[in-house]
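Protein chains in written order, with this note's numbering: chain A, 541 to 774; chain B, 541 to 774; chain C, 541 to 774; chain D, 541 to 774; chain E, 541 to 774; chain F, 541 to 774.
All residues carry an ideal CB built from backbone N, CA and C; glycine is no exception.
Data block below; observations after.
6 protein chains.
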Amino acid sequence: MRFSGRANDELRNIEVIPNYLEHAEGSCLISFGNTKVLCAVTLEDKVPIFLKGSGKGWITAEYALLPRSTSVRTDRESIKGKQSGRTHEIQRLIGRSLRASIDLELLGERQIKVDCDVIQADGGTRTTSICGACIALGLAIKKMKLKRNPFQHLIAGISCGIVDGEIMMDLDFLEDSQAEVDANFVMLETGELVEIQATGEKNVFNDKQLMEMLSCARKGISAIIEIQKKILLG
Amino acid sequence: MRFSGRANDELRNIEVIPNYLEHAEGSCLISFGNTKVLCAVTLEDKVPIFLKGSGKGWITAEYALLPRSTSVRTDRESIKGKQSGRTHEIQRLIGRSLRASIDLELLGERQIKVDCDVIQADGGTRTTSICGACIALGLAIKKMKLKRNPFQHLIAGISCGIVDGEIMMDLDFLEDSQAEVDANFVMLETGELVEIQATGEKNVFNDKQLMEMLSCARKGISAIIEIQKKILLG
Amino acid sequence: MRFSGRANDELRNIEVIPNYLEHAEGSCLISFGNTKVLCAVTLEDKVPIFLKGSGKGWITAEYALLPRSTSVRTDRESIKGKQSGRTHEIQRLIGRSLRASIDLELLGERQIKVDCDVIQADGGTRTTSICGACIALGLAIKKMKLKRNPFQHLIAGISCGIVDGEIMMDLDFLEDSQAEVDANFVMLETGELVEIQATGEKNVFNDKQLMEMLSCARKGISAIIEIQKKILLG
Amino acid sequence: MRFSGRANDELRNIEVIPNYLEHAEGSCLISFGNTKVLCAVTLEDKVPIFLKGSGKGWITAEYALLPRSTSVRTDRESIKGKQSGRTHEIQRLIGRSLRASIDLELLGERQIKVDCDVIQADGGTRTTSICGACIALGLAIKKMKLKRNPFQHLIAGISCGIVDGEIMMDLDFLEDSQAEVDANFVMLETGELVEIQATGEKNVFNDKQLMEMLSCARKGISAIIEIQKKILLG
Amino acid sequence: MRFSGRANDELRNIEVIPNYLEHAEGSCLISFGNTKVLCAVTLEDKVPIFLKGSGKGWITAEYALLPRSTSVRTDRESIKGKQSGRTHEIQRLIGRSLRASIDLELLGERQIKVDCDVIQADGGTRTTSICGACIALGLAIKKMKLKRNPFQHLIAGISCGIVDGEIMMDLDFLEDSQAEVDANFVMLETGELVEIQATGEKNVFNDKQLMEMLSCARKGISAIIEIQKKILLG
Amino acid sequence: MRFSGRANDELRNIEVIPNYLEHAEGSCLISFGNTKVLCAVTLEDKVPIFLKGSGKGWITAEYALLPRSTSVRTDRESIKGKQSGRTHEIQRLIGRSLRASIDLELLGERQIKVDCDVIQADGGTRTTSICGACIALGLAIKKMKLKRNPFQHLIAGISCGIVDGEIMMDLDFLEDSQAEVDANFVMLETGELVEIQATGEKNVFNDKQLMEMLSCARKGISAIIEIQKKILLG
């Protein structure tokens with residue numbers, strides 16, 4: 541049994557404080573158990589050079605751990621003078637995922653930046669960021685009153701892993717550090733896949749296990765999307 | 541009259557959530573009106589090179605604005621590859637101030653790092669950081685159960701300024717950007733001065749105005765220290 | 541039909557020049573069609589700090605594009621002063637993959653660094669790097685005559701994608717830039733999975749398509765591993 | 541008594557070589573005792589982005605220690621790849637101070653850069669820089685023959701401190717390193733205050749001591765301004 | 541006698557694979573014995589700021605060692621965050637030399653970048669780079685079919701040194717590390733000098749020795765230029 | 541005729557202020573006409589890693605332009621975050637040259653750092669640095685009273701160039717920017733060569749011109765060494 545008493549396919553408690561920030565176009569403070577991420581959306585009237593004159597917009601994400609979000613203090617990347625490989629990898633995943641939820645042509649020549657700052661880390665910060673970013677994006681879109689709504693699909697992500705041979709959903713830090721296989725799934729509200737990143741950290745995995753993780757993830761993502769709907773539509 | 545309706549020598553509403561973080565040795569989320577800073581204390585069993593073998597400890601502080609703490613998004617210093625001059629100036633002020641509240645000999649060869657991350661900025665982030673850091677420090681000291689308590693004095697800071705010729709306390713962002721003179725005062729609970737930084741941003745000032753700001757600041761700091769006492773001793 | 545005339549599940553022509561470099565412990569120049577990567581193995585008698593005293597070793601990888609490996613010249617990362625997010629993401633993937641082929645306990649407190657420098661890029665540089673790195677690793681292990689052989693499994697990777705609704709293997713640059721879905725699979729010679737990274741670049745995908753790409757990839761990887769065997773055992 | 545034999549409110553010997561450099565629009569080599577700073581003014585026909593189109597100009601300062609200005613060699617910031625926090629703090633102080641002496645509207649859309657390079661450091665380098673920068677600025681303004689003179693006020697700074705309980709002016713390095721309280725004052729020729737930075741390095745201070753330091757500083761600044769006048773008007 | 545059996549004034553075996561790269565405007569893989577350099581030419585339709593509007597073009601070079609080009613692995617400059625002094629020195633030499641072979645006015649407002657990436661290092665990488673860059677340049681010029689040919693002169697470089705009192709040409713790494721004097725000569729096909737860099741690494745040298753090295757170098761350069769001619773004209 | 545009225549083989553006026561700095565082990569402010577360089581020597585009781593345990597010492601040099609040493613202000617390298625290629629090239633030349641004047645075995649496991657900071661630049665800053673560094677080194681050696689004197693030879697450098705077809709010595713900035721060929725020579729007091737760097741900036745040169753420049757340089761260096769002797773021995 542899991543230390544937390546959760547069933548293997550049970551999500552942690554999810555809480556969202558929408559519009560947590562005064563200044564951002566959209567924002568929320570989202571927590572999955574002890575993992576807590578502040579997501580903030582900025583709309584800018586310019587696009588990266590490679591899109592100038594294309595009529596299309598862009599979404600990108602940035603991700604950071606606050607120094608004491610972690611058990612052992614994490615040094616500031618501003619002092620080290622560069623972002624780590626892990627940070628790059630995560631913020632590229634978040635950005636790619638969000639691009640699947642937005643119609644960049646409808647957005648027009650504008651850029652959306654989503655900042656995901658981890659206030660507290662207890663496993664699953666990248667998927668929590670995606671789930672929160674989607675809500676912040678929805679809130680921002682409402683506020684911006686664009687003529688054409690570029691926000692096409694709710695999107696959510698969840699981690700699954702194999703711990704002691706068992707497939708588990710929404711791993712906390714302790715489970716994550718013991719996992720033989722660690723996977724992150726991102727899907728649209730339609731159940732279609734946007735991104736899979738599955739890694740045999742201490743072991744390999746087979747097709748059957750992949751399918752089981754996928755099915756487990758789909759169940760979790762479906763529950764998360766219900767929460768997103770309540771906040772954005774309710 | 542001030543836009544907020546406050547009297548010239550009236551503080552904004554102060555709220556503190558002590559022990560906001562799971563992992564930090566001590567922490568709080570402190571707000572002065574819309575300014576909101578997350579303060580977190582880390583104790584490390586090593587000191588900077590210049591103190592090795594001295595038997596003395598050290599306190600230092602780091603400060604950062606989250607990207608959407610500000611009205612216009614502030615670029616991440618980790619991406620620019622270095623901390624700005626403003627960041628350096630502020631975190632040096634916070635560190636110097638905290639060193640006045642701790643007996644570095646009693647601390648022994650250990651280092652305390654205080655992280656002040658601005659969640660939302662509406663003027664006075666550096667003095668809010670000092671006030672919150674003092675609370676986080678007090679909470680950490682309690683938790684650490686050191687043989688000898690190195691925490692000697694409560695410490696607090698507040699801004700005063702001259703706006704349209706009138707001396708005002710605890711300026712919000714709007715007032716700060718219109719101020720002719722901008723000053724920050726840091727004092728111990730004894731009322732003694734630890735640091736003054738006073739700048740004629742758009743105008744000069746005379747001795748009388750300095751004394752009036754000082755007296756106004758002392759009043760505010762005294763009220764803040766009462767709040768600190770309630771949290772730490774209550 | 542594919543521009544190159546290949547069948548959808550057909551690999552490009554693979555060529556390997558083993559021991560291409562004089563100085564490296566093991567090396568090869570590997571090409572998949574026009575994609576050409578120089579892989580070089582270095583063995584160092586030290587490990588990263590987090591493994592000191594653990595008795596275990598480490599493998600890590602570094603990846604770079606030579607400036608004119610690409611159609612439009614790519615600026616040097618040494619002049620920009622940092623590695624790009626893409627570089628970080630790729631070299632982390634290569635390193636993680638290789639760790640599945642080596643028994644880090646048998647390696648002992650030593651570190652293997654694998655350099656993958658792309659001489660010419662025409663799609664699939666990250667999976668070509670993994671395939672070449674495995675060969676360079678095998679050649680280095682032979683040369684080093686370690687008491688205990690830490691090299692446990694041949695490993696290979698291949699890209700699959702969905703282009704115009706059709707599943708294709710081993711995409712070249714042109715196909716890659718038109719792909720709706722882009723996936724990279726890494727497997728051991730046993731057929732077990734080590735890593736999946738699948739991304740809906742311009743579209744989403746469903747479970748059936750994932751399974752088809754997986755099956756297609758397994759076919760390609762099996763052929764690549766036969767080539768590796770001939771070089772290393774032949 | 542002070543080691544140098546000076547009275548507590550006595551300045552060190554001040555020497556100025558005006559127009560020390562051939563190329564600069566204005567320059568001087570200024571010394572306060574053994575502290576020696578080279579100040580150079582550059583006028584540029586462009587302003588920072590935030591002032592474009594405003595019709596207003598800008599003054600900014602840069603400060604550096606030459607490697608052997610100090611007793612123990614100071615590493616070059618160009619090799620460390622960034623300016624230190626101390627450097628940032630000091631050059632921001634110099635820049636802010638000089639902005640009080642210039643009417644930025646009269647300057648028009650031009651930028652003045654003042655370089656303060658410390659040839660030899662023996663305490664008080666930041667206030668020596670301000671005093672020398674004012675002279676270099678005055679010399680540059682003369683040379684430039686602008687239609688409207690933007691140079692409004694002579695400005696000077698001096699350090700005061702509390703050493704062994706006694707208030708002293710113009711501390712040298714030895715005194716500075718023993719000081720309990722260290723303060724820097726910047727004033728216009730009118731005696732009005734532009735900036736105060738007072739820090740309890742090893743102790744706190746009270747209002748009376750602040751007033752005494754202020755009065756002591758005013759005496760020193762008045763003497764410095766006489767020297768400035770002789771050079772610029774004589 | 542030399543370890544390799546070569547006569548003191550004998551070049552190593554020179555091999556050139558012209559047009560080694562698909563994407564570059566011109567390229568070659570050139571080897572002098574075990575030293576192997578990949579040279580690639582890029583033509584860009586823009587010039588550095590200092591030439592804008594001048595009607596003149598520019599050539600510049602960049603140089604790097606691949607990590608395992610060397611016997612002991614060389615750390616990547618992209619990870620160290622900057623190019624070393626040695627790299628700067630070498631690429632400036634290559635750039636200056638190439639500017640002697642091109643008429644920058646005939647080139648027009650265009651910039652040529654030549655990348656010299658050392659695949660394997662065994663002494664003489666900078667002169668090998670110059671010799672290969674000249675060939676890559678010639679191949680690029682052919683391909684570009686410019687109205688006016690800016691390529692005026694073949695150019696080549698060679699190292700000479702004094703080892704154990706004897707003057708030797710085209711030193712390999714072992715000889716280079718034992719040399720008392722190390723010199724690099726760059727000449728046009730006319731025999732005229734473009735650049736000399738001569739350094740007494742472990743000893744000084746006199747005019748007679750300089751003349752002998754110069755004459756020895758001229759012989760080698762003349763042979764190299766014959767090879768260049770065969771490739772470019774043959 | 542030269543603009544300055546000098547003969548083609550005539551040095552500029554040379555002035556030296558020995559022991560210009562209080563703190564450095566040895567120092568001088570040296571000027572060749574309007575070129576003015578501050579040279580400072582530091583002795584450190586540690587050597588670079590590659591010499592640890594070798595019993596041998598090391599000399600290295602650092603070079604920088606002060607911002608307004610130049611006619612158009614040169615941006616600080618500390619702000620750009622790195623040293624330029626030109627700076628690297630020059631400080632490597634100075635360091636190599638000085639290593640010819642010192643017996644590194646007699647120096648023992650110690651490192652000498654020579655800082656050459658250009659106060660004013662008017663051509664020839666690198667050779668002026670070498671000449672001044674030699675004097676500062678001699679003064680430092682005297683002061684350090686080492687058992688065995690590692691300082692073996694006086695050393696000096698001078699520039700020669702070809703301007704309008706005429707060979708000239710000790711070029712000022714104007715001459716340097718018009719020179720077809722620019723060469724720097726470094727020699728010991730014995731007249732033996734330590735380093736030659738000769739570049740055809742706008743033209744090539746032949747053996748005869750090289751010999752003439754060499755002979756002209758030897759004449760100048762001989763005069764400079766007389767000046768060095770007077771300062772160090774007088």
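Non-local C-beta neighbours of E:Glu645 in its own chain, meaning closer than 6 Å and more than five positions away in sequence, comprise Lys596, ordered along the chain.
Scanning its chain for C-beta atoms nearer than 6 Å, with the 5 sequence neighbours on each side dropped, one finds around C:Gly648 the residues Gly597, in chain order. The CB of E:Asn574 comes closer than 8 Å to the CB of Glu562 in chain C, given here in chain order. In the DSSP assignment, C:Ile652 falls within the unbroken beta strand (DSSP E) covering Gln651 to Gln660. Of all C-beta pairs linking the region 657-669 of chain C to the region 587-607 of chain C, three or more are shorter than 8 Å, placing the two stretches in contact.
The beta-carbon distance between F:Ile702 and F:Ala719, rounded to whole angstroms, is 6 Å. This is short enough to meet the 8 Å contact definition. Membership of F:Thr614 in any beta strand (DSSP E) is not indicated, and neither H nor E is assigned to it by DSSP. A Cβ-Cβ distance of about 6 Å is found for the pair D:Lys653 and D:Thr600, placing them in contact under the 8 Å criterion. Residue contact check for A:Ala763 against chain C: no CB pair falls below 8 Å. Put simply, the CB of A:Ile642 is far from chain C, with every gap to its CB atoms at 8 Å or more. Secondary structure note for F:Asp716: its alpha helix (DSSP H) is the uninterrupted segment Phe713 to Gln718. Here the C-alpha atom of D:Arg546 lies approximately 14 Å from the C-alpha atom of D:Ile554. Counting C-beta pairs with one atom in each stretch, the region 686-700 of chain A and the region 720-732 of chain A have three or more that are closer than 8 Å, which means they touch. For the pair E:Ser567 and E:Tyr560, the CB atoms are nearer than the 8 Å cut-off. Between the region 662-669 of chain D and the region 573-591 of chain D there are three or more C-beta pairs closer than 8 Å, enough to call the two in contact. A:Leu551 sits away from A:Ala757, with the two beta carbons spaced by 8 Å or more.
Under the Cβ distance rule, D:Glu629 counts among the residues neighbouring chain B, one pair being separated by less than 8 Å. DSSP, read as helix, strand or coil, puts A:Glu732 in coil. For E:Phe543 against E:Leu714, the beta-carbon gap comes to about 7 Å, under 8 Å, which counts as contact. C-alpha of F:Ser611 to C-alpha of D:Lys683: approximately 15 Å in a straight line. A check of alpha carbon separations from A:Lys742 across C:Asp643, C:Met709, C:Glu565 and C:Pro558 identifies C:Asp643 as the nearest. A direct Cα-to-Cα measurement between B:Met753 and B:Ile634 gives close to 20 Å. CA-to-CA, the gap between E:Pro558 and E:Leu686 works out to about 20 Å. Chain-ordered listing is empty here: chain B has no CB closer than 8 Å to the CB of A:Ile589, the nearest sitting near 17 Å.
Annotated three-state conformation of D:Phe572 is strand, per DSSP. Within the region 595-613 of chain F, Glu602, Ala604, Leu606, Pro607, Arg608, Ser609, Thr610, Ser611, Val612 and Arg613 place their CB atoms closer than 9 Å to a CB of chain D, listed in sequence order. Ranked by Cα distance from E:Ala676, the options E:Gly625, E:Leu569, E:Met541 and E:Asn548 are led by E:Leu569.
In the assembly as shown, B:Glu602 is a buried residue. Its beta-carbon has 16 or more other beta-carbons within 10 Å.
Interface with chain E (8 Å Cβ-Cβ cutoff): C:Asp712 is excluded. Check the Cα spacing between A:His693 and each of A:Asp704, A:Leu679 and A:Cys674: the tightest is with A:Cys674. For A:Thr668, the nearest beta carbon of chain B is not closer than 8 Å to its own beta carbon. The shortest CA-to-CA distance from F:Asp585 to any of D:Ser594, D:Lys592, D:Arg613 and D:Thr582 is the one to D:Arg613. Looking at the backbone, the Cα of E:Asp615 and that of C:Glu565 are separated by about 16 Å. Interface flag for D:Val556 against chain B is unset, since no Cβ pair is found closer than 8 Å.
Interface criterion not met: the Cβ of B:Arg616 is under 8 Å from no Cβ in chain D. Interface annotation, F:Thr582: in contact with chain D, CB-CB separation under 8 Å.
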